[in-house]
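Just remember that this note's numbering sits 3 ahead of the position in the sequence shown, which is counted from 1. Only one structure is covered here, and it is reproduced in the block below.
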Amino acid sequence: MALFYSGLALFLIYLSILLSRRFGVPSLIPIIFLGLLTKDFLHTEHLHFFVELGLILLFFFIGLEFNFEKLKSMTAKSWKAGIADFIINFFPPLGLALLFGFNFVEALFIATVAYPSSTSIIAKLLIDYKRLINPETELILGILIFEDIVAIILLSVLFGITKGNVNPTDIALNILLMFAVVVLSAILGKFVLSKITNYLEKILTGAEDVILLMLGLLLLVAGGFHSLGISEVLGAFILGLMFGETPFAEDIEKSLHDLKELSMAIFFYNFGASIPEITQMPNLLFLTLLVIVSIVGKIISTYIGGLIAGFSPKSSLRAALEMVPRGEFSIVVTAMAPKTLQPLSAIYIITTAVIGSVIFIYAPQIVDKIFGKKKKSKGEVPDYLKDLVK
Numbered sequence: 004m005a006l007f008y009s010g011l012a013l014f015l016i017y018l019s020i021l022l023s024r025r026f027g028v029p030s031l032i033p034i035i036f037l038g039l040l041t042k043d044f045l046h047t048e049h050l051h052f053f054v055e056l057g058l059i060l061l062f063f064f065i066g067l068e069f070n071f072e073k074l075k076s077m078t079a080k081s082w083k084a085g086i087a088d089f090i091i092n093f094f095p096p097l098g099l100a101l102l103f104g105f106n107f108v109e110a111l112f113i114a115t116v117a118y119p120s121s122t123s124i125i126a127k128l129l130i131d132y133k134r135l136i137n138p139e140t141e142l143i144l145g146i147l148i149f150e151d152i153v154a155i156i157l158l159s160v161l162f163g164i165t166k167g168n169v170n171p172t173d174i175a176l177n178i179l180l181m182f183a184v185v186v187l188s189a190i191l192g193k194f195v196l197s198k199i200t201n202y203l204e205k206i207l208t209g210a211e212d213v214i215l216l217m218l219g220l221l222l223l224v225a226g227g228f229h230s231l232g233i234s235e236v237l238g239a240f241i242l243g244l245m246f247g248e249t250p251f252a253e254d255i256e257k258s259l260h261d262l263k264e265l266s267m268a269i270f271f272y273n274f275g276a277s278i279p280e281i282t283q284m285p286n287l288l289f290l291t292l293l294v295i296v297s298i299v300g301k302i303i304s305t306y307i308g309g310l311i312a313g314f315s316p317k318s319s320l321r322a323a324l325e326m327v328p329r330g331e332f333s334i335v336v337t338a339m340a341p342k343t344l345q346p347l348s349a350i351y352i353i354t355t356a357v358i359g360s361v362i363f364i365y366a367p368q369i370v371d372k373i374f375g376k377k378k379k380s381k382g383e384v385p386d387y388l389k390d391l392v393k
């Protein structure tokens with residue numbers, strides 16, 4: 004029955020995409036709901052490889068569009084914005100949960116679910132709506148990278164809590180290891196890969212060469228990062244940065260594009276299927292306030308962060324409206340949380356993912372209403388982004 008379930012799942016995903024085109028909504032929204040509605044009778048555990056591959060390929064593709072110099076500039080601009088993002092989006096949900104009578108551990112889980120934006124949803128929407136060329140995209144990706152780093156630290160703390168042991172030394176060592184690996188990867192990309200570029204151009208003569216070599220390298224790097232306790236998507240992003248500076252970056256993108264689209268569709272289906280069972284309704288007043296605080300907090304923090312980083316008010320507001328969706332990291336935390344919190348977290352994730360995606364779509368129109376519409380520049384699109392705006 005494994006083949007039957009796989010075929011049925013892919014067919015239903017295809018119908019969901021057709022539906023999304025008909026109504027002009029992001030394809031990921033009906034796919035997420037499809038996963039949520041069919042998880043009890045469609046057994047798709049055998050598709051889990053594509054779930055992991057989808058997220059890894061997504062970040063690899065984002066890395067291909069940048070380079071280490073651009074990343075350095077992006078991080079330098081965004082670290083203050085990242086701190087503002089953490090303060091404004093972590094502590095208010097924590098305080099709200101304590102105010103409603105949750106104990107400190109429960110409040111910590113709720114704040115951790117509410118804090119990070121969904122990197123996968125936002126990155127997919129940035130690509131689908133061709134907004135990677137916008138100036139504020141550097142700010143968005145910089146904050147998302149900052150959130151991923153903080154999220155890894157928070158996950159380590161929460162994992163220790165669930166096991167009844169929080170060791171500050173282990174957490175500090177993991178953080179140092181992560182930074183050491185990133186720096187080493189940057190050095191390898193700058194000095195080693197540049198030396199063998201000519202050789203790689205000679206051996207990569209066909210699409211199958213590119214697919215097998217790059218997919219093998221991608222899985223090796225992602226798996227290596229994961230085994231070191233570092234986010235595998237960070238490894239995929241860094242590998243993309245390394246190969247984004249090579250002359251065959253465009254060939255890599257074309258060869259792996261279809262596999263990425265297939266894997267991402269399955270990823271978002273599994274995203275919906277992974278949302279815990281909602282067996283009882285949570286406190287609706289608390290849930291409503293949490294959603295409002297999260298949406299308003301993310302908009303305010305990103306807008307302030309954009310201004311601090313030197314972006315214009317218009318670009319800062321557009322970035323702020325594009326940062327609302329919560330997603331995959333919140334689901335991971337929800338799976339670790341006490342059972343009593345899981346219905347609340349599940350409804351929260353669905354609500355913010357859907358509302359955030361809708362706000363993302365209409366962000367340019369909202370900004371134009373506030374600041375007025377400006378004539379589009381006829382300037383040249385950077386080479387590394389031309390393929391995304393064809």
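Think of the CB as a built atom: it goes at the ideal place given N, C-alpha and C, for glycine as much as any other residue. These figures come from a predicted structure and were not determined experimentally.
Distances from the CA of I362 to each of G145, F246, A323 were compared; the closest alpha carbon is that of A323. Judged by beta-carbon spacing, D88 lies within the 9 Å limit of K301, meaning their Cβ atoms are closer than that value.
Using a Cβ distance threshold of 9 Å, I91 and L222 do not count as a contacting pair.
For P346, the uninterrupted alpha helix (DSSP H) segment begins and ends at 345–374. Boundaries of the alpha helix (DSSP H) harbouring G238: 235–247, taken from the DSSP string. In the three-state reduction of the DSSP assignment, E325 falls in the coil class, being assigned neither a helical nor a strand state. By the neighbour-count criterion, in which a residue is buried when 16 or more other Cβ atoms sit within 10 angstroms of its Cβ, Q368 is exposed. Around the Cβ of T122, a 10 Å sphere holds 16 or more other Cβ atoms; the residue is buried. The three-state secondary structure of G57, taken from DSSP, is helix. A Cβ-Cβ separation of about 34 Å leaves T47 out of contact with A100 under the 8 Å criterion. Here the C-alpha atom of L61 lies approximately 8 Å from the C-alpha atom of K127.
When the Cα atoms are used, I295 and P95 turn out to be separated by approximately 11 Å. If you look at F332, you'll find it in the alpha helix (DSSP H) that goes 331–339.
In the structure shown, E211 adopts helical secondary structure according to DSSP, grouped into three states.
With a cutoff of 9 Å on beta-carbon distance, F332 and V54 are scored as not near each other. DSSP, reduced to helix, strand and coil, places L187 within a helical segment of the structure shown. M4 sits exposed, since fewer than 16 C-beta atoms from the chains shown fall within 10 Å of its C-beta. Pairing S304 with A84, the inter-Cα distance amounts to about 7 Å. For K127, the uninterrupted alpha helix (DSSP H) run begins and ends at 122–131, by DSSP.
In the three-state reduction of the DSSP assignment, E68 falls in the coil class.
Secondary structure at Y118: coil, using DSSP grouped into helix, strand and coil. Less than 9 Å divides the Cβ of F228 from the Cβ of E235. Rounded to the nearest whole angstrom, the C-alpha separation of I255 and I146 is 27 Å.
One Cα belongs to V186, the other to L179, and the distance between them is close to 11 Å. With at least 16 other beta carbons inside 10 angstroms of its own, R329 counts as buried.
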